[in-house]
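**Student:**
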Amino acid sequence: MPIQRVALTGGPGTGKTSLIEELEAMGFSCAHEYSRHIIQESLQTGSDVVPWDNLDAFSARVMEGRIQQFREADGELYFFDRTIIDTIAYQKADNLPVKEEWHAAALELRYSPIVFITPPWEEIFHNDEERKESMEKLNHLHEFLVKTYREYDYNVIEVPKLGIADRAKWILKQLEH
Numbered sequence: 010m011p012i013q014r015v016a017l018t019g020g021p022g023t024g025k026t027s028l029i030e031e032l033e034a035m036g037f038s039c040a041h042e043y044s045r046h047i048i049q050e051s052l053q054t055g056s057d058v059v060p061w062d063n064l065d066a067f068s069a070r071v072m073e074g075r076i077q078q079f080r081e082a083d084g085e086l087y088f089f090d091r092t093i094i095d096t097i098a099y100q101k102a103d104n105l106p107v108k109e110e111w112h113a114a115a116l117e118l119r120y121s122p123i124v125f126i127t128p129p130w131e132e133i134f135h136n137d138e139e140r141k142e143s144m145e146k147l148n149h150l151h152e153f154l155v156k157t158y159r160e161y162d163y164n165v166i167e168v169p170k171l172g173i174a175d176r177a178k179w180i181l182k183q184l185e186h
């Protein structure tokens with residue numbers, strides 16, 4: 010049976026990582042947010058490869074990691090905290106060019122047709138050293154994520170604003186259909 014690669018997307022601070030952690034605690038295989046790893050590494054080393062200083066270089070590193078995550082996925086059901094498409098959407102949102110090889114990867118490396126998006130949710134949104142976006146920027150990114158996933162023929166479904174455990178159960182119920 011082929012792997013069902015389920016994408017979880019959404020702007021920063023919308024509960025994706027908490028949801029991935031909940032799904033993982035329930036025993037599901039998950040790929041964690043790759044960009045956090047790069048941001049932490051860059052902050053520790055003083056590198057400028059962070060989205061607020063050098064989005065192009067940052068996106069290139071993220072894309073490499075997300076392609077690797079896609080290829081390393083195994084099992085029947087695998088959840089992803091962001092995907093290749095997210096990297097493309099972020100480039101578009103900042104009016105930066107999308108590399109042809111990224112477009113090719115997005116067409117070749119396909120996730121499950123249904124993509125779950127966590128919407129902007131002001132009550133849980135917060136900034137930190139690794140997440141500097143404003144609520145306005147979050148809304149802007151949300152629009153580009155939805156638009157870009159649809160451009161690649163994915164069906165984007167909004168995850169309701171529920172507690173983490175209920176959100177995880179809701180997603181699993183949607184996958185039963």
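Position 121, counted from 1, in the sequence shown is what our numbering calls 130; the numbers after and before it change by one each time, with no gaps. In this text, a Cβ means the ideal position worked out from N, Cα and C, and glycines have one as well. On a predicted model such as this, the values are computed, not experimentally measured, just so you know.
Going by DSSP, which residues form a beta bridge with L86?
**Tutor:** Answer is Q13, bridged to L86.
**Student:** Starting from S38, follow the beta strand (DSSP E) in both directions and report where the run begins and ends.
**Tutor:** Its beta strand (DSSP E) spans residues 38 to 40.
**Student:** Buried or exposed for K25, please, with buried defined as at least 16 other CB atoms from any protein chain shown within 10 angstroms of its CB.
**Tutor:** Answer is buried; the Cβ neighbour count reaches 16.
**Student:** Since Y161 and I94 should fall inside the 8 angstroms C-beta cutoff, what is the C-beta to C-beta distance between them, to a whole number of angstroms?
**Tutor:** Contact holds; Cβ gap of about 6 angstroms.
**Student:** Rounding to the nearest angstrom, what Cα-Cα distance links H151 and T54 in this structure?
**Tutor:** Their backbone Cα atoms lie some 30 angstroms apart in a straight line.
**Student:** Taking the straight line between their C-alpha atoms, what separation do you get for I12 and V124?
**Tutor:** When rounded, the distance between both Cα atoms is 15 angstroms.
**Student:** May I ask you to list the residues that DSSP assigns as paired with I126?
**Tutor:** Looking at the DSSP assignment, I126 forms a beta bridge with T18, E167.
**Student:** For V168 versus V155, is the C-beta distance shorter than 8 angstroms?
**Tutor:** Cβ distance not < 8 angstroms, so V168 and V155 don't count as in contact.
**Student:** For Q183, I'd like the list of residues in its chain whose CB is within less than 8 angstroms of its CB, leaving aside the five on either flank, ordered along the chain.
**Tutor:** These residues qualify, in order along the chain: I123, F125, I166.
**Student:** Any idea what DSSP makes of G55, helix, strand or coil?
**Tutor:** Note: G55 maps to coil in three-state DSSP.
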